[in-house]
Ligand code: AMP
Ligand code: MG
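Numbering (our numbering), first residue to last: 773 to 1261.
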């Protein structure tokens, strides 16, 4: 019987020297079952819904498509600001890449068994964290934020030991490349500049061919990655996404959101919020993400120095981070508030944004609902927009801010209706709140996967009203305030 990916996979990474990876097969799991499948992701690689069940043995890692040369890649990284040495694909295995109209797409199993880079780990992923990665990858893509994708999620009842015994699952994830900042750091710290050059040339040729023509292609690479990272951070901030583990080994060289672990979406607004229970210092808090993104680019720059060999040039590339981030953040905030970027108003607008975040923080207003419901405000009718006002305990403080906002709206040509529609196209109504994921996880642990499917379909259209699914936009219930997410996955 032929399998969905038979004879369709190439593996460009396998053409790199053997020191970059170890070839190996996934370790089978007993009695697999399909938990979820993303039709949207499948379409990207030319598969359809009919392949979901047909591919089960491949998704779980019990069958390897014909012609595939699976491998685990080596990389290193800085974890929580400290050099951690060699890490690598400890539980991810690359199946290969598939040609698509938009360029090659790599497929990886996550949780398909041990590799030479597993260190003390078991090479497995649990159903709980796999559901979170699956749903959030697809939700972020639907929000329009660069991310790895999730094609399929398969489970097995084989026990996996974490804080308690859980069960195993495998996510088949996809991205044009899974190369990380840490892939470069690896060769820098090993003092092997020839390997570093091979990797940089591979990434340039495959993903940034236009930069090869520049006078200093490696500095151009650093500049491009720095700017992509800066824009990604602004996009995360703009929807209240918190990654939770922004170690350099989790930073994509393509500027994609990668390695979903203890991530979260901001609810009651608190800039110091830490979504990762293990991150006691709050290094990766919401407010710190932009500067950590910059720090990580410095780590990448350090690793590329043997190739760039020109400190001012590297510094110039890094210095483009702040203005890129600021410009993107400013653009996104204007869009979120339905304002156009008018140069004469730039300073006043910044003050308006600062005042907004201040009053949101003081009242712990729900991040997603605040921006979504703000679209109901009317320029000349102070009575409209009660849904957003209700998010504030201190109504007077909220009224004070909206008064400034309404004055600012006088300079906008758009009608209330047009502004509201435009705001709803950039302020999601539906995000993957922890409690929504938790409900789906608990049902799935009892073999009911319907909630995952429902959530996936709601989150596929985060900007649509979907009145029939309004419950999915609701504030978290009381029980959810005790939810804790840690690195354990
Ligand atoms: P993360 O914090 O999930 O990005 O993981 C950091 C490193 O630990 C990576 O090299 C992972 O491959 C590895 N790792 C995490 N969990 C496991 C596991 N259960 N088994 C093997 N390696 C793991
Ligand atoms: Mg990782």
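Beta carbons: idealized from backbone N, C-alpha and C, even for Gly.
Touching or not, the segment 901-915 and the segment 870-877, by the rule of three or more beta carbon pairs under 8 Å? no
Run through DSSP, which three-state label would residue 780 get? Numbered from its first residue, the chain shown carries residue 780 at position 8. Three-state result, residue 780: coil.
Start and end of the beta strand (DSSP E) containing residue 1189? For the purposes of this step, residue 1189 is taken as the residue at position 417 of the chain shown. Segment 1188-1196 is the alpha helix (DSSP H) holding residue 1189; no beta strand (DSSP E) there.
Please list the terminal residues of the continuous beta strand (DSSP E) segment that includes residue 865. Position 93 of the chain shown holds residue 865. Where residue 865 is concerned, the enclosing beta strand (DSSP E) stretches over 864-870.
Could you pull the start and end residues of the beta strand (DSSP E) that residue 879 belongs to? In the chain shown, residue 879 corresponds to position 107, counting from 1. From DSSP, the beta strand (DSSP E) with residue 879 extends over 877-882.
What runs of the alpha helix (DSSP H), each 4 residues or longer, lie entirely inside the segment 1183-1247? 1188-1196, 1206-1217, 1222-1231
Would you grab the beta carbon distance between residue 1137 and residue 1163 for me? Rounded to a whole angstrom, and I think it's under 8 Å. Working through the chain shown from its first residue, we reach residue 1137 at position 365. Working through the chain shown from its first residue, we reach residue 1163 at position 391. Yes, they are in contact, since the Cβ atoms of residue 1137 and residue 1163 sit about 4 Å apart, within 8 Å.
Pick from 1205, 1054, 1003 that is closest to residue 1038, judged by C-alpha positions: Mapped onto the chain shown, residue 1038 falls at position 266. Taking only the C-alpha atoms, the option nearest residue 1038 is 1205.
Uninterrupted alpha helix (DSSP H) stretches inside the segment 940-1012 (no shorter than 4 residues): 953-961, 965-979, 989-1011
What ranges does the beta strand (DSSP E) occupy inside the segment 899-924, keeping only unbroken runs of at least 3 residues that lie completely in it? none
Along the chain, where does the beta strand (DSSP E) containing residue 806 start, and where does it finish? The count along the chain shown starts at 1 and reaches residue 806 at position 34. That run of the beta strand (DSSP E) goes 805-809.
Looking only at its chain, what residues have a beta carbon closer than 8 Å to the beta carbon of residue 952, apart from the 5 residues adjacent to it on each side? Within the chain shown, numbered from 1, the residue matching residue 952 stands at position 180. Excluding sequence neighbours, residue 952 sits near 847, 849, 1020, 1021, 1022, 1023, 1024, 1025, 1030.
Check each candidate in 880, 1122, 885, 1215 and name the one with the smallest Cα separation from residue 800. Numbered from 1 along the chain shown, position 28 holds the residue referred to as residue 800. Comparing Cα positions, the closest option is 885.
With DSSP as the reference, identify every bridge partner of residue 932, one or two as the case may be. For the purposes of this step, residue 932 is taken as the residue at position 160 of the chain shown. BP columns for residue 932 point to 938.
Selected residue, minimal CA-CA separation from residue 938, among 1207, 1246, 1233, 1213: As a first step, residue 938 must be located in the chain shown, where it is residue number 166. Among 1207, 1246, 1233, 1213, the Cα nearest to that of residue 938 belongs to 1213.
Taking 8 Å as the threshold (C-beta atoms), are residue 935 and residue 922 in contact? Locating residue 922 in the chain shown gives position 150, counting from the first residue. Locating residue 935 in the chain shown gives position 163, counting from the first residue. Going by C-beta atoms, residue 922 is not nearer than 8 Å to residue 935.
What's the gap between the Cα of residue 978 and the Cα of residue 986? Here residue 978 corresponds to residue number 206 of the chain shown, with the count starting at 1. Here residue 986 corresponds to residue number 214 of the chain shown, with the count starting at 1. Cα-Cα distance, rounded: 15 Å.
Contact check, residue 970 vs residue 790, beta carbons under 8 Å: Walking along the chain shown from the start, residue 970 turns up at place 198. Walking along the chain shown from the start, residue 790 turns up at place 18. Not a contact, by the Cβ cut-off of 8 Å.
What is the chain-ordered set of residues for which the beta carbon lies under 6 Å from any non-hydrogen atom of the ligand MG? 1021, 1022, 1031
Is residue 1308 near residue 806, with beta carbons less than 8 Å apart? Outside the displayed range of the chain (773 to 1261) lies residue 1308, so it cannot be described from this structure.
On the criterion of 16 or more Cβ atoms from any shown chain inside 10 Å, does residue 1262 qualify as buried, or is it exposed? What is shown of the chain runs 773 to 1261, which leaves residue 1262 out entirely.
What separation, rounded to the nearest whole angstrom, lies between the Cα atoms of residue 1036 and residue 1086? For the purposes of this step, residue 1036 is identified with residue 264 of the chain shown, where counting begins at 1. For the purposes of this step, residue 1086 is identified with residue 314 of the chain shown, where counting begins at 1. So the two alpha carbons sit approximately 33 Å from each other.
How would you call residue 1047, buried or exposed, if buried means at least 16 neighbouring beta carbons within 10 angstroms? By one-based count along the chain shown, residue 1047 stands at place 275. So residue 1047 counts as buried.
Going by the DSSP bridge assignment, what does residue 793 pair with across the sheet? Mapped onto the chain shown, residue 793 falls at position 21. According to DSSP, which records beta bridges pairwise, residue 793 is partnered with 845.
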